[in-house]
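Be aware that the sequence shown starts at 378, since it is given in this note's numbering, and climbs by one per residue.
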Amino acid sequence: MLLSFAGVANAQDRSVVRPLGPVTARTAEPVSVAGVRPLPGGVLVNEAAKRRVILFDGQLATYSVVADSTAETGNAYGGRFGGLIAYHGDSSLFVDPASLSMLVVDPSGKIARVMSVPRSQDATMLAGGMGGVTYDGRGGIVYRGMFRPQFRGGGGSGRQTGGVFTPPDIPDSAPLLRIDLATRRVDTLGYIKTPKVKLDVSRTDDGGISMRSQVNPLPVIDEWAVLHDGTIAFVRGLDYHIDWIGPDGAKTSSAKVSFDWQRMTDDDKVAFIDSLRAARERMGDGAPGIAMLGSALGASEAMMGAAAPSIQIMTGPGGGGGGGGGGGRRQGAGPPGAGGGQGRMNAHQVSFVDPSELPDYKPAFFAGAVRADAQGNLWIRTIPTKAIPGGPVYDVIDRNGALVERVQIPAGRTIIEFGPNGAVYMVAREGTNSYLEKASIR
Numbered sequence: 378m379l380l381s382f383a384g385v386a387n388a389q390d391r392s393v394v395r396p397l398g399p400v401t402a403r404t405a406e407p408v409s410v411a412g413v414r415p416l417p418g419g420v421l422v423n424e425a426a427k428r429r430v431i432l433f434d435g436q437l438a439t440y441s442v443v444a445d446s447t448a449e450t451g452n453a454y455g456g457r458f459g460g461l462i463a464y465h466g467d468s469s470l471f472v473d474p475a476s477l478s479m480l481v482v483d484p485s486g487k488i489a490r491v492m493s494v495p496r497s498q499d500a501t502m503l504a505g506g507m508g509g510v511t512y513d514g515r516g517g518i519v520y521r522g523m524f525r526p527q528f529r530g531g532g533g534s535g536r537q538t539g540g541v542f543t544p545p546d547i548p549d550s551a552p553l554l555r556i557d558l559a560t561r562r563v564d565t566l567g568y569i570k571t572p573k574v575k576l577d578v579s580r581t582d583d584g585g586i587s588m589r590s591q592v593n594p595l596p597v598i599d600e601w602a603v604l605h606d607g608t609i610a611f612v613r614g615l616d617y618h619i620d621w622i623g624p625d626g627a628k629t630s631s632a633k634v635s636f637d638w639q640r641m642t643d644d645d646k647v648a649f650i651d652s653l654r655a656a657r658e659r660m661g662d663g664a665p666g667i668a669m670l671g672s673a674l675g676a677s678e679a680m681m682g683a684a685a686p687s688i689q690i691m692t693g694p695g696g697g698g699g700g701g702g703g704g705g706r707r708q709g710a711g712p713p714g715a716g717g718g719q720g721r722m723n724a725h726q727v728s729f730v731d732p733s734e735l736p737d738y739k740p741a742f743f744a745g746a747v748r749a750d751a752q753g754n755l756w757i758r759t760i761p762t763k764a765i766p767g768g769p770v771y772d773v774i775d776r777n778g779a780l781v782e783r784v785q786i787p788a789g790r791t792i793i794e795f796g797p798n799g800a801v802y803m804v805a806r807e808g809t810n811s812y813l814e815k816a817s818i819r
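Shown next as structure tokens:
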């Protein structure tokens with residue numbers, strides 16, 4: 378049974394924003410952070426760009442290598458990327474989709490044993506290919522299902538047949554799945570709205586294949602998270618409310634979260650798209666192509682590569698623009714485009730949708746914006762509706778769906794995980810480098 382609480386939740390005044398607590402530790406050298414696993418005495422860090430997992434001490438001063446691509450660790454980091462998941466107690470799982478294995482890492486950073494991936498066709502997603510993979514504390518892993526595009530048409534074996542390639546129709550939703558590690562049973566928990574991307578594939582005069590994608594830079598999407606007690610939260614982007622599935626399977630819906638919705642007129646939409654196109658032109662060869670597609674589809678930073686060039690898009694009064702502050706969705710370099718049939722794949726071109734396809738109201742958040750803290754609250758990085766000094770602002774929402782406070786973190790930072798005793802871990806970006814920081818929530 379689905380219970381619904383109508384109206385808008387009584388909540389904290391949105392004009393009141395407090396700063397995050399002080400930063401207490403920071404890595405001395407740059408690290409490419411694709412994921413972290415906080416521990417009582419330190420933190421495991423997944424450095425996907427360097428193909429290794431390292432264990433820092435509590436002050437982020439020294440580290441040891443847990444898994445990498447060398448013989449010293451048995452080539453434990455076998456693929457281009459892997460995923461790090463909090464597991465039983467203080468143990469962790471490292472998912473290597475290349476070998477279809479999961480390493481159980483104990484609190485000291487030692488590999489205790491190896492398990493097989495419970496569902497081989499979903500190995501990439503279990504490794505965090507679309508982010509957010511979480512152990513629910515009850516023997517199951519919750520993760521987002523994957524759309525697998527299949528290109529039809531054309532000849533095989535490299536033969537030039539002149540066949541017509543039919544691009545896949547990418548859906549605008551994705552299932553949220555739970556797999557039981559003991560029985561390997563897979564249950565569909567629900568669906569989330571995802572960005573709609575249109576693909577056009579054609580053959581060029583030289584026999585190659587040209588692919589073009591159209592992406593919406595302001596998609597209205599859903600996000601999700603798993604609370605410490607196993608509760609599943611679906612954060613709905615259309616009206617900014619939360620659907621919940623409790624540990625007992627009970628489904629409830631909380632009231633809409635108060636938000637300063639900003640209407641976009643037809644002129645606003647045209648100005649917004651024009652500003653993004655101008656920003657891409659200024660970037661020249663550095664402008665993202667396939668990178669933007671990977672980010673639009675929700676690909677995680679582990680899959681795209683944390684050290685890749687990135688841009689940020691922040692919306693604000695007058696239609697927004699490129700290269701703004703930390704409130705936007707990070708977009709980094711993505712995996713190579715999928716080719717079909719014969720011929721070579723030319724550069725994947727990514728363009729924006731027509732302004733008329735933008736939403737009438739700017740969305741409250743982008744993909745990858747939701748985290749759950751150790752106290753059972755959701756932290757949602759919101760899109761600013763007006764220019765504000767400083768870094769990104771997070772809405773903190775309790776289990777009842779009420780906004781309890783708004784917290785601003787330093788500029789150039791993104792919250793990546795919460796740890797014990799009120800700790801919060803952030804990625805600090807400075808130019809092309811990134812650093813891991815530890816701060817106090819208060």
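Every residue gets a Cβ at the ideal spot worked out from N, C-alpha and C, and that includes glycine.
Item	Value
Cβ neighbours of Arg819 in the same chain (closer than 7 Å, five flanking residues each side left out)	Gly398, Gly799
Simplified DSSP assignment, three categories, for Thr538	Below a pLDDT of 50, predicted positions are generally treated as unreliable, and Thr538, at 45, falls in that range; the measurement from the model is reported next regardless. Looking at Thr538 - three-state DSSP - the assignment turns out to be coil, as it is neither helix nor strand.
Contacting residues, own chain, Cβ-Cβ under 7 Å from Thr501 (five flanking each side not counted)	Pro474, Met523
Check whether Leu780 and Leu437 have beta carbons under 8 Å apart	no
Start-to-end residues for the beta strand (DSSP E) that takes in Ser652	Note, Ser652: premise wrong, no beta strand (DSSP E); alpha helix (DSSP H) at 643–660.
Val393 burial status per 10 Å Cβ neighbour count (16 or more: buried)	exposed
Residue burial classification, Arg748 (beta-carbon count within 10 angstroms, cutoff 16)	buried
Cut-off 7 Å between Cβ atoms - residues of its own chain near Leu477, not counting five sequence neighbours on either side	Ser493, Val494, Ser497, Ala500
C-alpha gap between Thr809 and Arg429, whole angstroms	19 Å
Spatial distance of Ala683 from Ala411 (CA atoms)	Residue confidence is low: Ala683 scores 40 on pLDDT, short of 50, so the model does not pin down where it sits. No coordinate-derived value is stated.
CB-CB length for Arg555 against Leu566, believed under 8 Å	6 Å
Neighbourhood of Val400 by C-beta, 6 Å cutoff - its chain only, sequence neighbours within 5 removed	Glu814, Ala816
Cβ-based neighbour list, Ala741, same chain, cut-off 6 Å, excluding 5 preceding and 5 following	Tyr617, Phe636, Thr759
Collapsed DSSP secondary structure at Met507 in the structure displayed	coil
Identity of the residues DSSP links to His618 by a beta bridge	Arg613
Glu406 to Pro732 span [Cα, whole Å]	42 Å
Under 8 Å between C-beta atoms of Gln785 and Pro415	no
Cβ neighbour criterion (16 or more within 10 Å) applied to Trp756	buried
Continuous beta strand (DSSP E) stretch holding Gly601: start and end	Residue 601 is actually Trp in this sequence, not Gly. Unbroken beta strand (DSSP E) run through Trp601: 600–603.
From Asp564, Met588, Ser485, Pro736, residue whose alpha carbon lies closest to that of Thr642	Pro736
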